[in-house]
Amino acid sequence: MNLLAQELPSPRAIQEAPPLGTDKDPLIAHNLQKEQYVGIIALAIALVAAVGFFSRRVEYAIVFAVILSAILIAFFLLI
């Protein structure tokens, strides 16, 4: 019951500690973004190649869908 009787500190007394030396979040690896993009593109190319090995029609459908998606994304971002 003593916990209920204690006074809480005022909201102004509670402050968040600023990050040390940098404004960036230390938990995010900002320097690995280029490698991640290269890996994702390589994985997508490998996936299309693996599917194309089994079926040309499915490969063409995937390539068409990716190209059409990229065009539509660019179109809607530029509007």
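If you want this note's numbering, it's the 1-based position in the sequence shown plus 65.
Backbone N, C-alpha and C fix where the C-beta goes; we use that ideal spot for every residue, glycine too.
Three-state secondary structure (DSSP) at residue i?
i: Glu72; result: coil
i: Ser120; result: coil
i: Ala130; result: helix
i: Ile105; result: helix
i: Leu92; result: coil
i: Ile110; result: helix
i: Ile138; result: helix
Considering only residues of the same chain and omitting the five flanking positions on each side of residue i, which have a CB-CB separation below 7 Å?
i: Val113; result: Glu124, Ile127 and Val128
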